[in-house]
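Residue numbering for the sequence shown follows the working numbering, beginning at 2 and increasing consecutively. Note that the Cβ used here is the ideal one computed from N, Cα and C, for glycine as well. Note that the coordinates shown come from a computational prediction; the quantities given were computed from them, not determined experimentally.
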Amino acid sequence: ADAVLLDAPCSATGIVRRHPDVLHRVRPSQISELAALQAKLLARAADWVKPGGTLVFATCSLEPAEGEEQLTKFLAARPDYTLVPVTQEELPVGMTPNPGGWLRTLPGMIDPGGNDGFFIARLRRAG
Numbered sequence: 002a003d004a005v006l007l008d009a010p011c012s013a014t015g016i017v018r019r020h021p022d023v024l025h026r027v028r029p030s031q032i033s034e035l036a037a038l039q040a041k042l043l044a045r046a047a048d049w050v051k052p053g054g055t056l057v058f059a060t061c062s063l064e065p066a067e068g069e070e071q072l073t074k075f076l077a078a079r080p081d082y083t084l085v086p087v088t089q090e091e092l093p094v095g096m097t098p099n100p101g102g103w104l105r106t107l108p109g110m111i112d113p114g115g116n117d118g119f120f121i122a123r124l125r126r127a128g
């Protein structure tokens with residue numbers, strides 16, 4: 002495929018604005034299990050992307066294990082992929098890209114009560 006979007010199953014801690022109970026329902030062991038599943042799905046999705054293609058990895062989680070840490074492990078395991086940084090021009094007014102190149106949104110970031118938390122990384126396969 003020229004492009005693949007993996008909106009991976011996650012702990013959904015990013016929806017805390019709309020569902021505050023999520024923080025009381027999610028156990029640390031669930032986050033570990035979900036991170037392991039995400040790693041498998043990410044590896045599988047990466048194989049579907051053609052050389053020169055794009056892979057977008059997203060979760061609605063605030064947990065680093067389901068975002069930044071997942072990305073770091075993936076890039077270490079897959080030297081054929083590089084992060085394509087998000088630019089300011091691609092974002093709506095009021096949002097700024099993360100210095101790491103990925104996008105991290107937080108609940109209420111755009112306006113009070115108007116956003117969920119997400120981690121999004123855009124990757125390019127060599128070739």
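Exposed unless 16 or more other CB atoms sit within 10 angstroms - verdict on residue i
i           : result
residue 117 : buried
residue 67  : buried
residue 49  : exposed
residue 5   : buried
residue 24  : exposed
residue 123 : buried
residue 37  : exposed
Beta-carbon proximity list for residue i, same chain, < 6 Å, skipping 5 on both sides
i           : result
residue 87  : 98, 104
residue 63  : 14, 15, 118
residue 121 : 59, 104
residue 32  : 12, 64, 66
Integer Cβ distance of residue i from residue j, believed to fall under 8 Å
i           : j          : result
residue 78  : residue 39 : No, residue 78 and residue 39 are not in contact; Cβ-Cβ is about 13 Å, not under 8 Å.
residue 76  : residue 84 : 7 Å
residue 43  : residue 71 : 7 Å
residue 102 : residue 52 : With a Cβ gap of about 21 Å, residue 102 and residue 52 do not count as contacting.
8 Å Cβ cutoff, residue i in contact with chain D
i          : result
residue 16 : You won't find chain D in this structure, because it holds only one protein chain.
Enclosing beta strand (DSSP E) for residue i [first to last residue]
i           : result
residue 8   : 4 to 8
residue 122 : 119 to 126
residue 104 : 104 to 106
Close-in-space but distant-in-sequence residues of the same chain around residue i (CB under 7 Å, 5 per side omitted)
i          : result
residue 54 : 2, 3, 4, 126
residue 35 : 10, 11, 12, 67
residue 47 : 56, 79, 82
**Message:** Runs of 3 residues minimum, wholly inside the segment 16 to 81: which ones carry the beta strand (DSSP E) assignment?
**Reply:** 55 to 60
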